[in-house]
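Novice:
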Amino acid sequence: MRVLVAGGAGYIGSHTAKRLVETGHEVVIFDDLSRGHREAVEIVGAPLVEASLADRERLVTTLRERRIETVMHFAAYAYVGESTESPLLYYDNNVATTIRVLRAMQEAGVSRFVFSSTCATYGDPETVPITENALQRPVSPYGRSKLMVEQVLRDTAAASPEFSFAALRYFNACGCAQDGSLGEHHDPEPHLIPSVLLAILGRRPELVVFGTDYPTPDGTNVRDYIHVDDLAEAHVLAMEKLAPGTQIFCNLGTGRGFSVREILAAAERVTGKKVPVRYGERRAGDAIALYADPSLAKEVLGWEAKLRDPDEIIATAWRWILAHPKGYER
Ligand SMILES: NC(=O)c1ccc[n+]([C@@H]2O[C@H](COP(=O)([O-])OP(=O)(O)OC[C@H]3O[C@@H](n4cnc5c(N)ncnc54)[C@H](O)[C@@H]3O)[C@@H](O)[C@H]2O)c1
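Going by the numbering used here, 12 is the number at position 9 of the sequence shown; the sequence numbering is gapless.
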């Protein structure tokens with residue numbers, strides 16, 4: 004399959020592009036490098052079209068010239084806090100740009116689409132584990148932008164019988180390539196596991212835990228930590244399921260929830276070092292507990308997470324951070 008990986012210079016996109024190349028697919032990465040890394044693309048070894056997806060002409064030309072059959076769309080802004088401060092930035096890049104991508108696909112005759120959705124579309128659910136038919140009531144512009152795209156996809160599919168898509172709702176993506184080749188480098192880094200490791204290394208002053216009075220066993224938030232290599236594998240499997248007219252909405256998680264304190268303890272076991280921690284107040288918009296019921300992914304994609312132990316997952320991130328003290332910067 005000839006696959007355009009939009010956002011393939013980013014964290015999850017680069018790991019997936021690598022997996023696609025390894026499984027014999029032809030990959031073109033389309034990324035404006037606004038939040039991604041040229042070095043990651045070089046490691047993947049796929050050609051890069053350095054442009055914004057908002058550049059419809061460039062996109063249509065690329066889809067046609069490369070005879071693309073599937074678009075995997077990772078490109079988005081993905082910081083909940085930033086989305087609250089700059090909602091228009093999020094609706095523009097995550098919703099309007101995605102619509103441009105879908106229109107470019109129509110123009111170029113490409114009808115298979117794999118979309119990065121998120122557990123943030125569920126908001127703060129009343130019960131866990133979360134199944135795909137749980138109510139979707141996102142609590143941030145980021146979550147709402149992703150839910151809007153899900154709706155756009157449903158409507159697009161209803162109007163065009165050839166169109167097929169998978170909207171994959173990831174839980175907390177984490178870890179780095181198990182072979183040590185690719186990693187996670189965001190600036191600022193919003194995710195718990197790399198933030199903990201950077202605090203251990205003294206590259207940020209401390210790790211702030213937001214809230215210790217949640218109704219969870221130890222008072223801290225509970226999340227489902229899904230390894231990025233497992234996510235990559237799920238994308239390849241989802242793509243293979245996209246016969247004309249197929250619509251897939253699927254959670255991608257391990258099905259297990261771990262609290263912030265449990266992750267801190269796991270990081271201390273893996274690194275043999277203490278995490279410098281400050282316990283702070285709750286942060287607005289943080290759900291109490293989010294973890295997936297992953298049974299539909301097993302049924303529909305034949306996929307389940309292989310890395311389920313936080314120690315194992317954190318070890319992959321620790322190895323990469325130690326080997327790349329400045330991330331992708333040389
Ligand atoms: N990281 C997570 O835990 C998580 C969880 C759920 C869903 N997601 C979703 O997965 C996707 C990938 O997340 P990530 O953590 O890899 O993000 P990332 O920021 O590392 O990667 C996104 C990439 O898209 C590129 N990009 C953004 N806007 C673009 C545009 N208009 N044109 C061209 N390129 C553009 C950036 O340069 C970057 O390389 C996002 O859509 C995100 O919302 C992530």
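Virtual Cβ for every residue (Gly too), placed ideally from N, Cα, C.
Name, in chain order, the residues that DSSP records as bridge partners for Gln-250.
Specialist: Phe-168
Novice: Taking the C-alpha atoms as reference points, what is the distance between Ser-143 and Gly-126?
Specialist: 8 Å
Novice: According to the Cβ coordinates, are Phe-174 and Cys-253 closer than 7 Å?
Specialist: no
Novice: Along the chain, which unbroken stretches of the beta strand (DSSP E) at least 3 residues long are found entirely within the stretch 9 to 35?
Specialist: Those beta strand (DSSP E) runs which fall completely within the stretch 9 to 35 and span 3+ residues are 29 to 34.
Novice: Give the straight-line distance between the Cα atoms of Glu-243 and Val-303, rounded to the nearest whole angstrom.
Specialist: Answer to the nearest angstrom: the Cα atoms are 11 Å apart.
Novice: Quick one: is the Cβ of Ile-46 within less than 6 Å of any heavy atom of ligand 1?
Specialist: no
Novice: Between which two residues does the beta strand (DSSP E) containing His-230 stretch?
Specialist: 228 to 230
Novice: Does the beta carbon of Ser-114 fall short of 6 Å from some heavy atom of ligand 1?
Specialist: no
Novice: Going by DSSP in three states, Arg-38 sits in which element: helix, strand or coil?
Specialist: When secondary structure is reduced to three states using DSSP, Arg-38 falls in the coil class, being assigned neither helix nor strand.
Novice: Going by the C-beta, is Asp-34 closer than 6 Å to any heavy atom of ligand 1?
Specialist: yes
Novice: Pop quiz: Leu-267 and Arg-226 are said to be a contact at Cβ under 8 Å. What is the actual Cβ separation, rounded to whole angstroms?
Specialist: That pair is no contact at about 13 Å.
Novice: Give a yes or no on contact between the stretch 72 to 86 and the stretch 131 to 148, applying the rule of three or more CB pairs nearer than 8 Å.
Specialist: yes
Novice: Distance check for His-18 and Val-8, CA to CA, integer angstroms please.
Specialist: 11 Å
Novice: I believe Leu-171 touches Ala-241 by the beta-carbon criterion, under 8 Å. Please report the beta-carbon distance rounded to the nearest angstrom.
Specialist: 6 Å
Novice: How is the alpha helix (DSSP H) around Gly-146 delimited, first residue to last?
Specialist: 144 to 162
Novice: Does the stretch 32 to 41 touch the stretch 196 to 207, meaning 3 or more C-beta pairs lie closer than 8 Å?
Specialist: No: the two stretches stay apart, fewer than three of their Cβ pairs being nearer than 8 Å.
Novice: With a threshold of 6 Å, establish whether the CB of Tyr-125 neighbours any heavy atom of ligand 1.
Specialist: Closer than 6 Å to some heavy atom of ligand 1: that does not describe the Cβ of Tyr-125.
Novice: Of the choices Thr-134, Thr-87, Leu-105, whose alpha-carbon is the least far from that of Leu-66?
Specialist: Leu-105
Novice: For the alpha helix (DSSP H) holding Ser-198, just list the boundary residues, first then last.
Specialist: 195 to 203
Novice: Counting along the chain, where does the beta strand (DSSP E) carrying Ser-120 start and finish?
Specialist: Where Ser-120 is concerned, the enclosing beta strand (DSSP E) stretches over 115 to 121.
Novice: For Leu-195, does the count of other Cβ atoms within 10 angstroms reach 16, so buried, or fall short, so exposed?
Specialist: buried
Novice: What does DSSP give as the partner residues of Ala-292 in its beta bridges?
Specialist: DSSP lists Val-225 as partners of Ala-292.
Novice: So, Arg-59 versus Arg-115, is the Cβ gap smaller than 7 Å?
Specialist: no
Novice: Would you tell me roughly how many angstroms separate the C-alpha atoms of Tyr-138 and Ser-119, rounded to the nearest one?
Specialist: Correcting the residue type first, residue 138 is Leu in the shown sequence and not Tyr. Taking the straight line from one Cα to the other gives about 19 Å.
Novice: Skipping 5 residues on each side, what residues in its chain have a beta carbon closer than 7 Å to that of Arg-272?
Specialist: A distance below 7 Å between beta-carbons, with the five flanking residues on each side excluded, links Arg-272 to the following residues of its chain, in chain order: Asp-314.
Novice: For Ala-369 and Phe-166, I'd like the C-alpha separation in whole angstroms.
Specialist: Outside the modelled stretch of the chain, which goes from 4 to 333, sits residue 369, for which no answer is possible.
Novice: If you drop the 5 nearest sequence neighbours on each side, which residues of the same chain put their C-beta closer than 7 Å to that of Met-151?
Specialist: Val-98
Novice: Which partner residues of Thr-73 appear in the DSSP bridge assignment?
Specialist: According to DSSP, which records beta bridges pairwise, Thr-73 is partnered with Val-6, Arg-115.
Novice: What separation, rounded to the nearest whole angstrom, lies between the Cα atoms of His-189 and Val-239?
Specialist: Cα to Cα, the separation comes out at about 24 Å.
Novice: In terms of residue numbering, what span does the beta strand (DSSP E) encompassing Tyr-282 cover?
Specialist: 280 to 283
Novice: Could you name the residues of the same chain whose beta carbon sits closer than 6 Å to that of Ile-324, not counting the 5 residues immediately before and after it, in chain order?
Specialist: Leu-200
Novice: Here's a check: name, in chain order, each residue in its chain whose Cβ is nearer than 7 Å to the Cβ of Pro-132, leaving out the five neighbours to either side.
Specialist: Gly-258, Tyr-294, Ala-295, Asp-296
Novice: At which residues does the beta strand (DSSP E) containing Val-211 begin and terminate?
Specialist: 210 to 213
Novice: Under 6 Å: does the beta carbon of Tyr-228 sit that close to some heavy atom of ligand 1?
Specialist: no
Novice: Tell me the rounded alpha-carbon separation between Thr-159 and Val-63.
Specialist: 18 Å
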